[in-house]
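Novice: Residue numbers (the working numbering): 6 to 158.
Glycine included, each C-beta is placed from N, C-alpha and C at the ideal position.
Before anything else, here's the structure in question.
Take a look at the structure:
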């Protein structure tokens, strides 16, 4: 997979370098857990696109944003349970779902150190975890291609 950066295409391996050169910070995983479910098509009673990754996280684990940004949504959505959307600029949005507690408000600016939520098992889940989506230019992308392997893997 490739990402559009400025006017050119950039292989995922160089994305962090490009962000640093543009004055951005290096992205981070929001929790330290291993991947419980990957991005892509999965079969659970029928084919379904899993638009993000699920990361192992006990209920109450602090969740931090991938990058600094501004909260665009903080509330409840069908399937996601308690969820937060953060706009990082440059047409990059991240989504954090199945939270037990939301600790930010809409339009709040957040840093990478901000605890935006506590992980949980709200919404349609089989157990506690954090669901993470990365959207670039209005399309979902595999968070692994953006962030590398999760630290718990």
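1) Indicate whether at least one CB of chain C lies closer than 9 Å to the CB of residue 136.
2) Between which residues of its own chain and residue 96 is the CB-CB distance below 8 Å, once the five residues before and five after are set aside?
3) Which residue wins for smallest C-alpha separation from residue 32, given the options 78, 71, 100?
4) If you follow the alpha helix (DSSP H) that residue 44 is part of, which residue opens it and which one closes it?
5) For residue 99, which residues does DSSP report across the bridge?
6) Per DSSP, which one or two residues make a beta bridge with residue 59?
7) Straight-line CA distance for residue 58 to residue 111?
8) Assuming residue 76 and residue 120 form a contact by the criterion Cβ under 8 Å, report the distance between their Cβ atoms to the nearest whole angstrom.
9) Report the partner residues of residue 107 according to the DSSP bridge assignment.
Specialist: This is what the structure gives:
1) Given the protein chain composition of this structure (a single chain), no chain C is represented.
2) Excluding sequence positions up to five before and after residue 96, its CB lies within less than 8 Å of the CB of 141, 142, 143, all in the same chain and listed in chain order.
3) Across the set 78, 71, 100, the C-alpha of 71 shows the shortest separation from the C-alpha of residue 32.
4) No alpha helix (DSSP H) holds residue 44; DSSP gives it neither H nor E.
5) Partner(s): 91, 139.
6) The partner list for residue 59 (beta bridge, DSSP) reads 42, 136.
7) Using only the alpha carbons, I get a separation of about 24 Å.
8) About 13 Å separates the two Cβ atoms, so there is no contact after all.
9) For residue 107, which the question treats as bridged, DSSP gives the partners 122.
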